[in-house]
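Since the structure comes first, as C-alpha cells, the remarks are kept for the end.
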Amino acid sequence: MRAPILKQGKYLIGSIQGSLSDADLLALRDELTSTVREQRSSGVVIDVTVLDVLDSFAARTLRTISQMIRLLGAETVIVGIQPEVAVSMVQLGLTIEGAATALDLEEGLALLDARTGRGARRHAR
Amino acid sequence: MLNPTQGRKLLAQELMLSDQEIQKRKAFLEFSAEDEKALTGINDLAERYASVVIEDFYKHLMSFEETRVFFKDPKVLQRVKNSQREYFLRLTKGNYDQEYITNRLKIGAVHERIELPIQSYLGMYNFYLRTVAQRLFDAFRSEPDHAFKVFGSLMKLTFLDIGLAIETYIDSRERTIRDQQEAIRELSTPVLQFRPGLLILPIVGLIDSQRAQQLTEQLLHSIRANRTKVIVIDITGVPSVDSRVANHLVQTVEAARLMGATAIVTGVAPEIAQTMVTIGIDLGRVRTVGDLQSGIEQAERLLGYRVVQSDDVPDPNEQA
Chain R
10 MRAPILKQGK YLIGSIQGSL SDADLLALRD ELTSTVREQR SSGVVIDVTV LDVLDSFAAR
70 TLRTISQMIR LLGAETVIVG IQPEVAVSMV QLGLTIEGAA TALDLEEGLA LLDARTGRGA
130 RRHAR
Chain D
9 MLNPTQGRKL LAQELMLSDQ EIQKRKAFLE FSAEDEKALT GINDLAERYA SVVIEDFYKH
69 LMSFEETRVF FKDPKVLQRV KNSQREYFLR LTKGNYDQEY ITNRLKIGAV HERIELPIQS
129 YLGMYNFYLR TVAQRLFDAF RSEPDHAFKV FGSLMKLTFL DIGLAIETYI DSRERTIRDQ
189 QEAIRELSTP VLQFRPGLLI LPIVGLIDSQ RAQQLTEQLL HSIRANRTKV IVIDITGVPS
249 VDSRVANHLV QTVEAARLMG ATAIVTGVAP EIAQTMVTIG IDLGRVRTVG DLQSGIEQAE
309 RLLGYRVVQS DDVPDPNEQA
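Chains R and D, in that order, give the protein sequences.
To convert a position in the first sequence, counted from 1, into my numbering, add 9.
To convert a position in the second sequence, counted from 1, into my numbering, add 8.
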C-alpha cells in the first residue's frame with residue numbers, strides 16, 4: 010500500500026495508512042524528497058500511528074529520509090510510534106538516531122513550528 | 009485476587025503430577041507391584057481395625073491443645089473421623105494411580121488451608137505408623153518377617169503421601185510470596201502527572217528485568233494518555249544500579265524519545281555514579297541532573313514554564 014503525501018502549508022505529511030513493503034518505503038522516500046524540492050517545504054511529518062511493527066529496514070529508511078531531507082534544508086519529525094513499537098524497537102537497537110520524534114501529528118506540527126521560522130517569530134513575540 | 013475456591017482449584021491443577029513423575033517418585037521409594045500386593049493383602053485386617061485405630065488417633069489429637077482447636081465442633085469431629093477412616097482404608101486398596109495422587113494433594117491442601125502446623129501433620133503420620141505397626145505385629149505374631157515386609161510397604165506409601173502433602177504446603181507459601189511480590193510491584197510504580205506535559209516517575213526499590221519492562225510499558229502508555237513532553241525519572245530510591253539496570257534505564261529513555269518525549273534522570277547517588285563509571289556504563293545521551301528539584305526545574309524550562317514566587321503569600325493558618 011503506497012503512502013499518500015499531503016501538503017499542509019509549508020509542511021508535508023507522509024501519512025502511512027497500512028503496512029508498507031520495502032518497495033513502498035523506498036517509494037515514500039523518493040516521493041518525499043522530490044516533493045520537498047518542488048514545494049520548497051520547510052518541514053516533513055511522517056505519521057506511523059497505524060504501524061504495529063517497525064522492522065530494521067523501516068527504521069533505517071526513516072533515518073535515511075530524515076538525513077536526506079535535512080540536506081535539502083528541511084526538518085523531519087516521525088510521529089505516532091506506539092508504546093509497544095517503541096519497546097520492541099529499543100530492544101532491537103533501532104533508535105532512528107538523528108530523526109526527531111513527537112507523540113502525534115499535532116505535536117509534530119508544533120515541533121516543526123518551533124524548529125523552523127515560525128517558531129522563531131513566536132519566540133520573538 | 010483469586011477467591012479461595014478458585015485458588016484451591018488452581019492448586020490441585022498446578023500440582024497435578026504427570027504419570028511419569030509419579031513413576032519416578034515410586035521408583036525412588038522402591039515402591040513396586042509387590043508392595044502394592046502386600047498392602048492389598050492386609051485390607052481385611054485394616055477393615056477390622058479401622059474404627060479402633062481412628063478412635064485412638066483422635067484421642068491422641070484431642071489430648072494436645074494445638075490439634076484440639078481444630079475439632080471443637082462435634083459435627084466436624086464426626087465428619088473428619090469419617091474421612092479419616094476412608095483415608096485409612098484407601099491405603100490398603102491398591103491402584104495408587106493419578107486419581108490417588110490427586111486425592112492426596114487435595115487432602116494436603118485442606119490441611120494447609122485450615123493452617124494446621126506442618127509438625128502436627130507429620131506427627132499425625134508418625135502416630136499412624138506406630139499404631140498400625142503395633143496392630144500388624146499383633147496380627148502376624150507367628151510370622152514377623154511378613155509383618156515387617158508389609159510395614160515396609162506401608163512406610164513407602166505413607167512417605168509418598170507425606171511428600172505430596174508437604175508439596176502443597178510449600179506451593180501455597182510460594183503462591184503467597186508471588187502474590188506479595190506482585191502487590192509490591194503494583195504499589196511501587198506510580199506515574200505522576202506534575203504539570204500538563206510533565207510526568208514524574210519515582211522509582212523505589214530494586215529493578216529487575218520484569219519490573220523494568222513493566223515500568224517502561226506503564227510510562228509509555230502514560231505518555232500517550234497524558235500527551236507528555238517531558239518525564240523526570242527519579243532513581244533516588246534505587247539502592248543499586250548494575251549494568252542491566254542501567255541498560256533498562258537507557259532503553260526506557262530511548263523508547264520515550266521515540267514517542268516524542270524527553271526523559272531526565274535524577275537522583276543518581278555519588279556511590280551509584282562511581283559504580284557506573286567504574287564498570288563503564290555509558291548512559292549515552294540520557295540527560296542526568298543531580299536531584300529531583302533540579303530535574304523538575306529543567307523540565308519546566310524545557311516546557312516553557314516559569315515559576316515565580318509571589319509577594320502575596322496567603323496565611324497558611326487561614327481556612328481555604
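Note that the Cβ used here is the ideal one computed from N, Cα and C, for glycine as well.
Report task. State the Cα-Cα distance for the pair D:L209 and D:M267, rounded to the nearest angstrom. Result -> 16 angstroms
Query - Distance CB(R:Q91)-CB(R:D56) smaller than 8 angstroms - result: no
Query - Enclosing alpha helix (DSSP H) for D:P82 [first to last residue] - result: 82-98
Query raised in the report: Who are the neighbours of R:E84 on chain D, taking C-beta pairs under 7 angstroms?
Result: By Cβ distance, chain D contributes nothing, its closest Cβ being about 14 angstroms from R:E84, past 7 angstroms.
Requested in this report: Check whether the Cβ of D:R16 lies closer than 8 angstroms to any Cβ atom in chain R.
Outcome: Any reading at D:R16 needs caution, since the residue's pLDDT is 48, under 50, leaving its predicted position unreliable; the model's value is listed next. Not closer than 8 angstroms to any Cβ of chain R, the Cβ of D:R16 fails to qualify, so no.
Requested in this report: Take the Cβ of D:F72 as the centre, count every other Cβ of all protein chains shown within 10 Å, and call the residue buried at 16 or more, exposed below.
Outcome: exposed
Query raised in the report: R:L139 CB to nearest chain D CB: under 8 angstroms?
Result: Nothing can be reported for residue 139 of chain R, as the shown portion of chain R is limited to 10 through 134.
Query raised in the report: Just how far apart, CA to CA, sit D:N103 and D:Q259?
Result: 57 angstroms
Query raised in the report: Are the C-beta atoms of D:Q259 and some chain R residue less than 8 angstroms apart?
Result: yes
Report task. May I have the straight-line CA-CA distance separating R:G82 from R:S51, to the nearest angstrom? Result -> 7 angstroms
Query raised in the report: When the Cα of D:V246 is compared with those of D:S230, D:I211, D:S217, which residue comes out closest?
Result: D:I211
Query raised in the report: Does the distance from the C-beta atom of D:L144 to that of D:A155 stay below 8 angstroms?
Result: yes
**Report entry** For D:I243 and R:V88, the rounded distance between their alpha carbons
**Finding:** 29 angstroms
Requested in this report: Compute the Euclidean distance between the alpha carbons of D:R219 and D:R252, then round it to the nearest angstrom.
Outcome: 12 angstroms
Query raised in the report: Using the beta-carbon of each residue, which ones in chain R are nearer than 8 angstroms to D:R232?
Result: Q91, P92, L112
Report task. State whether the region 260-280 of chain D contacts the region 216-233 of chain D, with contact taken as three or more CB pairs (one from each stretch) at a distance under 8 angstroms. Result -> yes
Report task. Return helix, strand or coil for D:I30, following the three-state DSSP convention. Result -> helix
Requested in this report: Go ahead and pull the three-state DSSP assignment for R:R130.
Outcome: Low per-residue confidence applies at R:R130: pLDDT is 46, beneath 50, and the placement is therefore not dependable enough to give any value.
Report task. Output the distance between the C-alpha atoms of R:L71 and R:A108, rounded to the nearest integer angstrom. Result -> 8 angstroms
Query - Residue environment, R:L29, which counts as buried when at least 16 other CB atoms sit within 10 Å - result: buried
Query - Buried versus exposed call for D:K164 [16 or more other C-beta atoms within 10 Å across all chains shown] - result: buried
Query raised in the report: By DSSP, does D:F36 sit in helix, in strand, or in coil?
Result: helix
Query raised in the report: If we cut at 8 angstroms on Cβ distances, does R:V45 have a partner in chain D?
Result: no
Query raised in the report: Under a Cβ-count criterion, where at least 16 other Cβ atoms within 10 Å of its own Cβ denotes burial, should D:V316 be classed as buried or exposed?
Result: exposed
Query raised in the report: In angstroms, rounded to a whole number, what distance separates the CA positions of R:A67 and D:K34?
Result: 57 angstroms
Report task. Indicate the three-state DSSP secondary structure (helix, strand or coil) for D:G245 in the structure shown. Result -> strand
Query - Of the residues R:L41, R:A12, R:I14, R:Q100, the one placed nearest R:L80, counting alpha carbons only - result: R:L41
Query raised in the report: If you check the beta carbons only, do D:F65 and D:T139 fall under 8 angstroms apart?
Result: yes
Requested in this report: Please report how far the alpha carbon of R:L34 lies from the alpha carbon of R:A95, in whole angstroms.
Outcome: 19 angstroms
Query raised in the report: Exposed or buried, which one is D:P12 when buried takes at least 16 other CB atoms within 10 Å?
Result: Because D:P12 carries a pLDDT of 47, less than 50, the predicted location of this residue cannot be relied on, and the following value inherits that uncertainty. D:P12 should be labelled exposed.
Query raised in the report: When every heavy atom of the ligand ADP is checked, does at least one fall within less than 7 angstroms of the C-beta of D:S230?
Result: As far as ligands go, the structure on display features none, and thus does not contain the ligand ADP.
**Report entry** Residue-level contact to chain D via CB, R:V96, 8 angstroms cutoff
**Finding:** yes
Query raised in the report: Since R:V59 meets chain D, which of its residues come closer than 8 angstroms, beta carbon to beta carbon?
Result: Neighbours of R:V59 on chain D: none; closest Cβ ~14 angstroms, over 8 angstroms.
Query raised in the report: Do D:I174 and D:Q106 have their C-beta atoms within less than 8 angstroms of each other?
Result: no
Query - Continuous alpha helix (DSSP H) assignments of at least 4 residues falling wholly in the region 187-273 of chain D - result: 217-234, 251-266
Query - is_contact[R:T104, chain D] using C-beta, thresh 8 angstroms - result: yes
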